[in-house]
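Novice: Counting from -6, one number per residue, gives the positions in the sequence shown under my numbering. C-beta atoms are modelled at their ideal positions from N, C-alpha and C, and glycine is treated no differently. Handing you this structure, nothing more for now.
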Amino acid sequence: MEWGTLGVAAAGALFGIGATLITDVFRSRRERDQRWADAKRVAYGRFLTALAQAHSRMTVAAARGEAGMARQQAIHDAFLSDPQHSDAKSVLREVALAAPDHIHRAAESVYEQLRSARDLLARDGTDFATPEYQQVIRSFFVNFDALQRLMRDDLQPPAERRV
């Protein structure tokens, strides 16, 4: 056997092993990135759903027409008591772990706006037509939509992001 043939065979084997290793590294990175994106997608969806459901439960509680401490308690309970055990504050913690800082800050702001709406609804004499409530809830929904767009853009592959 000639040394040249042996050298070419060894070089081919090294090339094959190297190509396989590189392919495995890229596949592993792609799978890790996909798992991370899936985790963020779940956290983002849970947070947006928790906010929307908390708002719905609060408005139902406010529409009952209770007054005083009964009204305040009903609206606060509606805000906090999620039947699926995923109240907005706990899911906000998931977002804090998974999201980039700018998305987490936006999520905190939207959450605080919903808390402000809760506090306004809990007051006697405040209803859905009150200008102060309308201003807060309008701002909540505008920022809710902006947060949703931020989250959606964050989940896009880097080449498709709208920055």
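For R64, is the classification buried or exposed, using 16 other Cβ atoms within 10 angstroms of its Cβ as the cut-off for buried?
Specialist: The count along the sequence shown starts at 1 and reaches residue 64 at position 71. Looking at its Cβ environment, which holds 16 or more other Cβ atoms inside 10 Å, R64 is buried.
Novice: I need the DSSP call for G38, collapsed to helix, strand or coil.
Specialist: As a working note, residue 38 is residue 45 in the sequence shown. Here G38 sits in helix by DSSP.
Novice: Tell me the residue span of the alpha helix (DSSP H) that contains Q65.
Specialist: By one-based count along the sequence shown, residue 65 stands at place 72. Q65 -> alpha helix (DSSP H) spans G61 to L73.
Novice: Does the Cβ of R142 have 16 or more other Cβ atoms within 10 Å, making it buried, or fewer, making it exposed?
Specialist: Numbered from 1 along the sequence shown, position 149 holds the residue referred to as residue 142. R142 should be labelled exposed.
Novice: Confirm, please, whether the CB-CB distance from E101 to L113 is below 8 Å.
Specialist: Here residue 113 is taken as the residue at index 120 of the sequence shown, counted from 1. Here residue 101 is taken as the residue at index 108 of the sequence shown, counted from 1. Contact: no.
Novice: Check whether the Cβ atoms of A81 and F40 sit closer than 8 Å, and answer yes or no.
Specialist: Counting from one through the sequence shown, the residue named residue 81 turns up at place 88. Counting from one through the sequence shown, the residue named residue 40 turns up at place 47. Cβ atoms of A81 and F40: closer than 8 Å.
Novice: Check whether the Cβ of D26 lies closer than 8 Å to any Cβ atom in chain D.
Specialist: No chain D is present in this structure, which holds just one protein chain.
Novice: In three-state DSSP terms, what is R50?
Specialist: The residue given as residue 50 occupies position 57 in the sequence shown. DSSP places R50 in the helix class (H, G or I) of the three-state scheme.
Novice: Please classify F121: is it buried, with 16 or more other beta-carbons within 10 angstroms of its beta-carbon, or exposed?
Specialist: Translated into positions along the sequence shown, residue 121 becomes position 128. Its Cβ having fewer than 16 others within 10 Å, F121 is exposed.
Novice: Check F121 in the structure and name its three-state DSSP category.
Specialist: In the sequence shown, the residue the question calls residue 121 occupies position 128. DSSP places F121 in coil when its eight states are reduced to three.
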